[in-house]
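A short worksheet on the structure shown next.
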Amino acid sequence: MTVQLPRKVTRKVFLSTSSKVVLGVSGLLIGNTALFYYGAVHGKKMDDPAIREIPSSFVKVGQVEQLRAMNGYEKVYYTATIEDAWVKTQKQGFVYVTKDENGALVILSSACTHLGCSVEPATEAQRNRKKDLFFWCPCHGAEFDIVGASVGMELPGLERYQPLIIEGNVYVDIATPKK
Ligand code: FES
């Protein structure tokens, strides 16, 4: 019968083994802390399929086919929740959906680029008086065309939102208008 003699644990072997154990445990703790942090911030578990849901700052403005067939414009009211780190802000308002000369959807902020009042669609009489006029601002009279460009004034155009097409619907991310 052979007897296995216990291996001599040298100082070097002891330090090497114990540091591997410490590193392993720390990695596990850091990983779990990161997952816990993510879950706490987002209120979800990492394996929760709801993580793939549409963000709360996205607003549905309509169905692609319906909007492509539209004439003129659509006024779409929205309520969105914008999350910035730990701060959630609810935003309400409306956007205008129009089309450019090539038929591409254009989604415009309703905020006038002068001082922020809401622009309104011009009346037929106003449009007949001025070529290209489509929206106007009742506060101080700024005017914009159907794609939001300023008409006859030195003002930036209305902010636009990128149309995002998800399963046949058009969404915009209210948190990130394009200038
Ligand atoms: S706020 Fe629109 S013209 Fe002044």
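Numbering (numbering that gives the first Met the number 0), first residue to last: 0 to 178.
Where is the CB? At the ideal position from N, CA and C, for every residue including glycine.
- Taken atom to atom, the span from the alpha-carbon of residue 170 to that of residue 163 is near 5 Å.
- Taking the Cβ of residue 115 as the reference point, at least one heavy atom of ligand 1 falls within a distance shorter than 7 Å.
- In the DSSP assignment, residue 79 falls within the beta strand (DSSP E) that extends over 73 to 83.
- The nearest non-hydrogen atom of ligand 1 is 7 Å or more from the C-beta of residue 84.
- Residue range 63 to 67 is occupied by the alpha helix (DSSP H) that includes residue 63, with no beta strand (DSSP E) assigned at that position.
- Taking non-hydrogen atoms of ligand 1 into account, the C-beta of residue 140 is found less than 7 Å away from one of them.
- Put simply, the stretch 144 to 155 does not touch the stretch 77 to 84. Fewer than three CB pairs are less than 8 Å apart.
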